[in-house]
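What follows is a short report on a single structure.
Chains as they are written, first to last, in the working numbering: chain A, 614 to 853; chain B, 614 to 853.
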């Protein structure tokens, strides 16, 4: 059996390659700005995301001014310090050594925001799941990320940012939520593995660990509890 | 300027084609089940999504049993009735005419769940934005959706489902959140436009309406208020 509308082999390979070779890029951004054409293609890709009720709730704020990026980088520094303070011992040392953003190096930043209560889409699909508006905006992020990989453009998602402070700098109203803050730019290379794996922060788990049949797999919760216990033990040791 | 690692033209075309020709499929599913190989490729695509702190918080519940799909379809019917009750007049008639799911027609359903407080990833990136775990699981949905389009496999995201009822049927623990309920299967065709556009439920807006420079564009909120006012007027009329 073959699906209607199946892509030819080379196009299909492109889709899987983008998915498997996409990286969260925090370093190696080049100073040359993206051209308008490639930037337009990336934004159109984001704008073609699925959206609940066809509400298209994403709004894109493109930031190129260094002064604004500096203000946002300051927010990162404060938020990152607050995050660092939650780790102890070796974890704190390792956290402090990680590079988690490229706000100043990437010539373009993009903030994707969403008003989850917009009337666009006439609330279809949001009665049981009001969070669907925000989820739609996340789909726009992922579309842009994959298109960027095909274009040889690096994208990094910075989540170490106080949202209220970010809203102040970008004049975002109270009812609108910053969903993603992205750094975009040409890069010197794409890494073969995720940065956090190479740095020894976390390892990737195989697919069969996350696949269950017909029902939630109770082993998933057992594993969570186990890793919670190891953390408690580690935490005790680092205090001893 | 050209980015390092830019894809060749045919592979890049595949990425953009998947993004632009992806559809939310609610009808036209064929009864033949997906083969294990294609299903494996789709799940691997989802599993290669970006995740905050490399936590890979998604868990996939593959549902093929008709009995379980029937139980979930019953939840849809109840949730859809509750949603319908929030519309009046012509909107209610139009809502009632929409086909919003393919739970029984699609031979595979997939529920993607997430424990947003899992210790995997050691909380990196979740101090300022705890919602990042859920957002990571949404990125997995979009990866799967695009890979499915390349394979000629239709995907529909059903958000008209009471989450608590769904958790009961699938034995999902209290601290785990159902992020997406998807219907998957081969289809007789992919539509040229979104179903909701063809049905006249909502129209798509052009990219320049959603793109702002350096700051939040206050026209976005003005437009929201305008459409809120039109709704109030429409609503008054339908009651008059």
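Cβ atoms here follow ideal geometry from the backbone N, Cα and C, with glycine treated the same way.
Quiz item: Can you name the residues that DSSP bridges to residue 672(B)?
Solution: 726(B)
Quiz item: Within the 8 Å Cβ cut-off, does residue 714(B) reach chain A?
Solution: no
Quiz item: At a CB-CB cut-off below 7 Å, which residues of chain B make contact with residue 632(A)?
Solution: 658, 661, 756, 760
Practice problem: Can you check the segment 799 to 834 of chain B for any beta strand (DSSP E) of at least 3 residues that lies completely inside it and give the ranges in chain order? | Solution: 824 to 826
Practice problem: Please name the residue in 723(B), 644(B), 695(B) whose C-alpha comes closest to that of residue 739(A). | Solution: 695(B)
Practice problem: Give the secondary structure of residue 771(A) by DSSP, where H, G and I count as helix, E and B as strand, and everything else as coil. | Solution: coil
Quiz item: So which of 772(A), 666(A), 679(A) has the shortest CA-CA distance to residue 729(A)?
Solution: 666(A)
Quiz item: For residue 658(B), which of helix, strand or coil comes out of DSSP?
Solution: helix
Quiz item: According to a CB-to-CB cut-off of less than 7 Å, which residues of the segment 615 to 626 of chain B neighbour chain A?
Solution: 615, 616, 617, 618, 619, 620, 623, 624, 625, 626
Quiz item: Can you find at least 3 beta carbon pairs, one from the segment 799 to 809 of chain B and one from the segment 744 to 762 of chain A, that sit closer than 8 Å?
Solution: no
Quiz item: Between the segment 771 to 778 of chain A and the segment 667 to 677 of chain A, do three or more beta carbon pairs fall short of 8 Å?
Solution: no
Quiz item: Using a Cβ-Cβ distance under 8 Å, would residue 737(B) count as near chain A?
Solution: yes
Quiz item: Taking 8 Å as the CB-CB cut-off, is residue 702(A) touching chain B?
Solution: no
Quiz item: Count the other CB atoms within 10 Å of the CB of residue 701(A); is the residue buried (16 or more) or exposed (fewer)?
Solution: exposed
Exercise. Report buried or exposed for residue 849(A), applying the criterion of at least 16 other Cβ atoms within 10 angstroms of its Cβ.
Key: Note that residue 849(A) scores a pLDDT of 42, beneath 50, so its modelled location is shaky; the value from the coordinates is reported in the next line. Flag for residue 849(A) reads exposed.
Quiz item: Is the CB of residue 628(A) under 8 Å away from at least one CB in chain B?
Solution: yes
Practice problem: Output yes if chain B places a C-beta closer than 8 Å to the C-beta of residue 765(A); else output no. | Solution: yes
Practice problem: Could you work out which residue in 631(A), 687(A), 642(A), 664(A) is closest to residue 615(B) when comparing CA atoms only? | Solution: 642(A)
Quiz item: Which residues in the same chain as residue 655(B) place their Cβ atom closer than 6 Å to its Cβ, once the five residues preceding and following it in sequence are excluded?
Solution: 757, 760, 761
Practice problem: For residue 772(B), return the contacting residues in chain A, with the cut-off set at a CB-CB distance below 8 Å. | Solution: 665, 738, 739, 741, 742, 745
Self-check item: Within 8 Å, strictly: CB atoms of residue 671(A) and residue 658(A)
Solution: no
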